[in-house]
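2 protein chains.
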Amino acid sequence: MVTITNKEPLLSHNRKFRMTRQRQVILEEIKKVRTHPTADQLYEMARRRLPHISLGTVYRNLEILSECGMVQKLDLGGAQRRFDGNTKKHYHVHCTRCGRVDDVPIEAVVKIQTTFQGASNYKITGHKLELLGLCPQCKKAKKALTKRPGRRAGRKSNSHP
Amino acid sequence: MVTITNKEPLLSHNRKFRMTRQRQVILEEIKKVRTHPTADQLYEMARRRLPHISLGTVYRNLEILSECGMVQKLDLGGAQRRFDGNTKKHYHVHCTRCGRVDDVPIEAVVKIQTTFQGASNYKITGHKLELLGLCPQCKKAKKALTKRPGRRAGRKSNSHP
DNA sequence: GGGTTATGTAGGAATGGTTACTATTACGAA
DNA sequence: TTCGTAATAGTAACCATTCCTACATAACCC
Ligand SMILES: [Mn+2]
Ligand SMILES: [Mn+2]
Ligand SMILES: [Zn+2]
Ligand SMILES: [Zn+2]
Chain D
1370 MVTITNKEPL LSHNRKFRMT RQRQVILEEI KKVRTHPTAD QLYEMARRRL PHISLGTVYR
1430 NLEILSECGM VQKLDLGGAQ RRFDGNTKKH YHVHCTRCGR VDDVPIEAVV KIQTTFQGAS
1490 NYKITGHKLE LLGLCPQCKK AKKALTKRPG RRAGRKSNSH P
Chain P
1370 MVTITNKEPL LSHNRKFRMT RQRQVILEEI KKVRTHPTAD QLYEMARRRL PHISLGTVYR
1430 NLEILSECGM VQKLDLGGAQ RRFDGNTKKH YHVHCTRCGR VDDVPIEAVV KIQTTFQGAS
1490 NYKITGHKLE LLGLCPQCKK AKKALTKRPG RRAGRKSNSH P
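Top line first, the protein sequences correspond to chains D and P. Quick note: the first sequence uses my numbering, first residue 1370, plus one each step. Quick note: the second sequence uses my numbering, first residue 1370, plus one each step.
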């Protein structure tokens, strides 16, 4: 269980933000899960506690919270952006069958950047690595039935059971 | 200069497509550049030769051409998808300052996947690696003037001079 | 060739995630 | 409390992408 202080204001550069009830709830909800939810998944989660919160508020606060380093904005390929309550740099695995996203508990390999340093005329300063594969569930499903493996993952189908 | 046959039909699985004038022009234009253009950049390029072509036609044909393996669809982070006339698997560098995208002429490192094979309970089957850095132009600009380094790259600002 | 059906085409309309705007409300300092 | 500012809910606008539909063309059979 994660407890977040709601007394001191958030800081971003030299701008300070209030910790409002909505912002607090969004932050608590994203810290609660490991599912890398999308903005509208978080909207649904927050709405269970604040039925009048609006989707725009969720988007705006996720932007602010990531600006303050309290959450991480993920830009994995695909239509919808995802958010991560874990702010440490880490890699992700993306299930190619159901769309689920999980952490890969290995620290960032900076050696990758040095490997590629001379390969182009760019000065390499960072990298983004995303692993692709099959989650445990889909491994089993794939092994069992060799039917057509479920067409492209629907928009809201990557809930973690 | 790249010449593409327009006599034999394109094949995708067991579906065959005609090589229409529009499709031909789009293919020629993307093969002509190394800039990884977006769909509407290609629309502008094609429009210089076919003033009546529509944006939807460009999207549809890029989809078809990538399905046939004649072009590559790139899903780098960011709003707009990019397309690549080079169909071989290769890595890309993304300039964090101007948004330009270039090739990294190093073949795909499959070792990456084996490194991460046991790190999660996923079966790793692929990976996406994107390098970030400063292009030659922006290296110079950064060194010369330490002014504010140009806000986030505008939508149509990454033309290669 | 003539007729018929399947498939592809171009352009415009619709979709959906995201952001921007506006009137109203909540907060915090004086 | 009062005043000034930031945040909110609700809604409209935005824009990349996808879908729809009337029309055209190819393929097929006879
Ligand atoms: Mn994570
Ligand atoms: Mn390329
Ligand atoms: Zn899965
Ligand atoms: Zn640059």
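In this text, a Cβ means the ideal position worked out from N, Cα and C, and glycines have one as well.
Using a cutoff of 7 Å, the CB of HIS1461(P) does not count as near ligand 1, since none of the ligand's heavy atoms is closer than that.
Relative to ARG1387(P), the option among CYS1507(P), ASP1453(P), ASN1430(P), ARG1450(P) whose CA is nearest is ASN1430(P).
The three-state secondary structure of VAL1470(P), taken from DSSP, is strand. Look at THR1494(D): its C-beta is under 8 Å from a C-beta on chain P.
Against PHE1485(D), the close residues of chain P are VAL1473, ILE1475, LEU1500, in the order they occur along the chain (beta-carbon pairs closer than 7 Å).
For ASP1453(D), the uninterrupted beta strand (DSSP E) run begins and ends at 1451–1453, by DSSP. Within chain D, no residue has its beta carbon less than 8 Å from that of THR1426(P); the closest one is some 22 Å off. Cα atoms of HIS1461(D) and LEU1498(D): separation of roughly 8 Å, rounded to the nearest angstrom.
DSSP lists LYS1492(P) as the beta-bridge partner residues of LEU1503(D). At a cut-off of 8 Å, the C-beta of VAL1462(D) has a neighbouring C-beta in chain P. For GLY1446(D), the C-beta contacts it makes with chain P under 8 Å involve ASP1444, LEU1445, GLY1446, LYS1497, in order along the chain.
Between VAL1473(P) and ALA1477(D), the C-beta spacing is not below 8 Å. Among the bridge pairs identified by DSSP, LEU1498(D) is matched with LEU1498(P). In this structure, the straight-line span from the alpha carbon of ARG1392(D) to that of ARG1418(D) is close to 12 Å. When secondary structure is reduced to three states using DSSP, SER1435(P) falls in the helix class. In the three-state reduction of the DSSP assignment, GLN1393(D) falls in the helix class, which pools H, G and I. THR1407(D) counts as buried, since no fewer than 16 other beta carbons sit within 10 angstroms of its beta carbon.
By the Cβ test, the segment 1436–1445 of chain P is not in contact with the segment 1419–1428 of chain P, since fewer than three Cβ pairs between them sit closer than 8 Å. Taking C-beta atoms as the reference points, HIS1496(P) and LEU1500(D) count as a pair closer than 8 Å. The DSSP-derived three-state label of LEU1424(P) is helix. Around the CB of GLN1486(D), fewer than 16 other CB atoms lie within 10 Å, so the residue is classed as exposed. Residue pairing by DSSP places TYR1460(D) opposite VAL1473(D) in a beta bridge.
The beta-carbon distance between LEU1379(P) and GLU1398(P), rounded to whole angstroms, is 17 Å. This is too long to meet the 8 Å contact definition.
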